[in-house]
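In this note's numbering, the protein residues as written are 818 to 1083. For each residue, glycine too, the CB sits at the ideal point set by N, CA and C.
Below, the structure written as structure tokens:
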């Protein structure tokens, strides 16, 4: 969940407010927490976008037929990708003719998709990524996605390793999240609840995700809350609320201190 644009403003706010109470994050810890959340968020957005690409098939069809429909979709909509089909498994290589782009995000790398079950009540799809990248971050790992036909949600259980390309910094982690279309319409955005955790340079980070709603063209969620447990035995909470069409208010709190950040669309 990309927090890239929060970091510079957040650091200035932290300095001005003196967010160094004994139970709060220090300035340096807060900077590291925001950076870790940014990197983990970029990895999540990258894989979520690739999962969304694999949803264009007929529910209830045989798994091999559904996989064939995905091939047709890729050939028509993403000529930047090369697709190979074997039974119900697709192997997709993005960026064969240059970086691919979908909903404003650029990516390249390898993605394997297996449709394991395709019933009206439940769809199960296995995903595997090898060096999937947006040019800044690379992700390798797996996810099992289970679609619930009754309440129109999907559960994503993942294990991934992300690497920042500029310096090789890594995070190794897992997560369990439930997602749904924003207002019932996934083309507008999504809602998510659950958690992610990862081991980074400083230790273990755990991110709780509570009723977060995110539009595809926004830089941060428009509502909901993140709670980040840090290796420093201190927490950082980020609460999101939309002020207008282009501005989202982020309230960051640690210990007894809190500060406000307004994030605008580019």
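| said: Suppose contacts are defined by Cβ-Cβ distances below 9 angstroms. Is residue 894 in contact with residue 1047 by that definition? | reply: Between residue 894 and residue 1047, the C-beta spacing is not below 9 angstroms.
| said: If distances are taken between C-alpha atoms only, which option among 950, 879, 1008, 1020 comes closest to residue 928? | reply: Answer by Cα proximity: 950.
| said: Please return the same chain residues whose Cβ sits closer than 6 angstroms to the Cβ of residue 940, not counting the five positions on each side in sequence. | reply: Cβ neighbours of residue 940 within its own chain (closer than 6 angstroms, five residues either side excluded): 964.
| residue 910: first and last residue of the uninterrupted beta strand (DSSP E) it sits in | Secondary structure note for residue 910: its beta strand (DSSP E) is the uninterrupted segment 906–911.
| If you run the structure through DSSP and keep just helix, strand and coil, what is residue 851? | Helix.
| message | So, for residue 908: in the same chain, excluding its five sequence neighbours on each side, which residues have a beta-carbon less than 6 angstroms away from its beta-carbon? | response | Excluding the 5 residues flanking it on each side, residue 908 has same chain C-beta neighbours closer than 6 angstroms at 901, 929, in chain order.
| said: Can you tell me where the alpha helix (DSSP H) holding residue 885 begins and where it ends? | reply: Annotation for residue 885: the continuous alpha helix (DSSP H) segment containing it runs 880–894.
| query | Should residue 915 go down as buried or exposed, given a rule of 16 or more other Cβ atoms within 10 Å for buried? | reply | Label assigned to residue 915: exposed.
| query | Using DSSP with H/G/I as helix, E/B as strand and the rest coil, what is residue 856? | reply | It is helical.
| request: Label residue 1081 either buried or exposed according to how many other C-beta atoms from any shown protein chain fall within 10 Å of its C-beta, with 16 as the threshold for buried. | output: It is exposed - the Cβ of residue 1081 has fewer than 16 other Cβ atoms within 10 Å.
| Per-residue DSSP class, three states only, for residue 876 | Residue state, collapsed to three classes: coil.
| request: Can you say whether residue 1038 is buried or exposed, counting buried as having 16 or more other CB atoms within 10 angstroms of its CB? | output: With 16 or more other Cβ atoms within 10 Å, it is buried.
| field | Inter-residue spacing [alpha-carbon to alpha-carbon] between residue 937 and residue 1053 | value | One C-alpha to the other measures close to 41 angstroms.
| query | Does DSSP put residue 1059 in a helix, in a strand, or in coil? | reply | In the displayed model, residue 1059 falls within a strand according to three-state DSSP.
| task | Check whether the segment 1000–1010 touches the segment 1022–1030, taking contact to mean three or more Cβ pairs, one atom from each stretch, closer than 8 angstroms. | result | When C-beta atoms of the segment 1000–1010 are compared with those of the segment 1022–1030, three or more pairs fall below 8 angstroms, so the two segments count as touching.
| said: For residue 947 and residue 1060, what's the separation of their Cα atoms in angstroms? | reply: For residue 947 and residue 1060, the distance between alpha carbons rounds to 39 angstroms.
| field | Proximal residues to residue 839 (C-beta, below 6 angstroms), its chain only, five neighbours per side dropped | value | Legend: pLDDT at residue 839 = 41, less than 50; position of this residue unreliable, no value from coordinates given.
| field | Enclosing beta strand (DSSP E) for residue 841 [first to last residue] | value | Membership of residue 841 in any beta strand (DSSP E) is not indicated, and neither H nor E is assigned to it by DSSP.
| field | residue 970 versus residue 944: straight-line alpha-carbon distance, rounded | value | Rounded to whole angstroms, residue 970 to residue 944 spans 17 angstroms at the Cα level.
| query | Near residue 879, which residues of its chain fall below 8 angstroms by C-beta distance, leaving aside the five closest residues on each side in sequence? | reply | Closer than 8 angstroms at the Cβ level, and outside the excluded window around residue 879, lie 935.
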